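Numbering (this note's numbering), first residue to last: -15 to 109.
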């Protein structure tokens, strides 16, 4: 599996795009999606919610378990991916594209986000 070089990663297995006009896109990695198994339900933060880096902001339910979704940065949620709410399998089939979860206006980017190479070494994938 290949982790896109342009993204940053959290140790909780979320990815984050570089900010465009202060807004970044968040999703979970292919490694996390594979570990979860078939995702059947996604609970995302609401537009307008404030999320805090490292804090729980939603849930992903699979046929195996329920896992918390963590915010990789602090900021205000500007958009959620309704497609992934309607079809949670997108998290498994397209974790880095159509399976994105939400967009956030970044207020505070923590310094502990990993590069693709660092995340690959951390996750072993």
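Positions of the beta carbon are idealized from the N, C-alpha and C atoms, including for glycine. Remember, it's a predicted structure, so these values are computed and weren't measured experimentally.
What does a CB cutoff of less than 6 Å around residue 73 pick up in its chain, not counting 5 residues either side in sequence? If you number the chain shown from 1, residue 73 lands on position 89. Correct list: empty, nothing qualifies.
In DSSP terms, what residue 66 is bridged to: On the chain shown, residue 66 is found 82 positions in, with the first residue counted as 1. Assignment of beta-bridge partners to residue 66 by DSSP yields no partner.
Length-filtered (4 minimum) alpha helix (DSSP H) runs lying within the stretch 4 to 84: Fully enclosed alpha helix (DSSP H) runs of 4 or longer: 14 to 20, 66 to 70, 74 to 77.
What three-state label does DSSP hand residue -4 in the structure shown? On the chain shown, position 12 is the one that residue -4 refers to. DSSP places residue -4 in coil when its eight states are reduced to three.
Determine the direct distance from the alpha carbon of residue 50 to that of residue 100, and round the result to whole angstroms. Locating residue 100 in the chain shown gives position 116, where the first residue counts as 1. Locating residue 50 in the chain shown gives position 66, where the first residue counts as 1. CA-to-CA, the gap between residue 100 and residue 50 works out to about 26 Å.
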